[in-house]
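These notes are about the structure you will find just below.
Residue numbers (the working numbering): 53 to 199.
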């Protein structure tokens with residue numbers, strides 16, 4: 053069990069690093085990054101929620117001097133799971149990487165999600181938001197996977 057948790061932590065760290073690189077190069081507008089030195093912790097600020105939208109605004113996380121902005125996440129197939137974490141209209145491996153980064157940010161106290169948002173990102177539907185959800189999203193994006 054400890055080995056799985058260590059592997060999950062390594063995956064989360066790797067995913068966050070990959071997301072930072074992707075966001076810095078501006079890959080097709082799926083994320084943006086800028087250098088921050090104020091130490092501000094990002095949040096998803098659900099005060100301005102509109103209608104039924106679980107995520108009505110972008111999610112911003114600051115970590116190690118870099119601010120990452122994603123989304124807002126969307127539910128492309130209306131199944132209640134917000135698989136399109138980057139909000140770019142596609143569900144792909146970048147969404148899994150972004151998901152792992154969000155889980156890491158939540159675990160480290162850098163991002164607060166309300167219960168509805170956490171449930172929307174619970175890809176494997178086991179009742180908790182963890183690295184297993186990012187891994188389930190990776191499996192969904194593999195060639196030949198059912199969507």
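Note that CB positions come from ideal geometry on N, CA and C, so glycine has one too.
Residue i classed as buried or exposed, judged by whether at least 16 other C-beta atoms fall within 10 angstroms
{"i": "residue 174", "result": "buried"}
{"i": "residue 185", "result": "buried"}
{"i": "residue 192", "result": "buried"}
Contacts around residue i, its chain only, beta-carbon distance under 6 Å, and the 5 residues preceding and following it disregarded
{"i": "residue 110", "result": "121, 123, 124"}
{"i": "residue 172", "result": "106, 134"}
Range covered by the beta strand (DSSP E) that runs through residue i
{"i": "residue 122", "result": "118-122"}
{"i": "residue 115", "result": "111-115"}
C-alpha distance - residue i paired with residue j, whole-angstrom precision
{"i": "residue 187", "j": "residue 115", "result": "22 Å"}
{"i": "residue 162", "j": "residue 152", "result": "13 Å"}
Own chain, CB closer than 7 Å to residue i, minus 5 neighbours either side, in chain order
{"i": "residue 176", "result": "184, 185, 188"}
{"i": "residue 211", "result": "Since the first residue of the chain shown is 53 and the last is 199, residue 211 is not available in this structure."}
{"i": "residue 158", "result": "165, 181"}
Continuous alpha helix (DSSP H) stretch holding residue i: start and end
{"i": "residue 194", "result": "Where residue 194 is concerned, there is no enclosing alpha helix (DSSP H), given that its DSSP letter is neither H nor E."}
{"i": "residue 138", "result": "No alpha helix (DSSP H) contains residue 138, which DSSP labels as neither H nor E."}
{"i": "residue 155", "result": "145-159"}
Nearest to residue i (by Cα), restricted to the options the options
{"i": "residue 2", "options": "113, 134, 141", "result": "The requested residue 2 is not part of the displayed model; the chain covers only 53 to 199."}
Same chain, Cβ closer than 8 Å to residue i, five either side skipped, listed in chain order
{"i": "residue 141", "result": "126, 128"}
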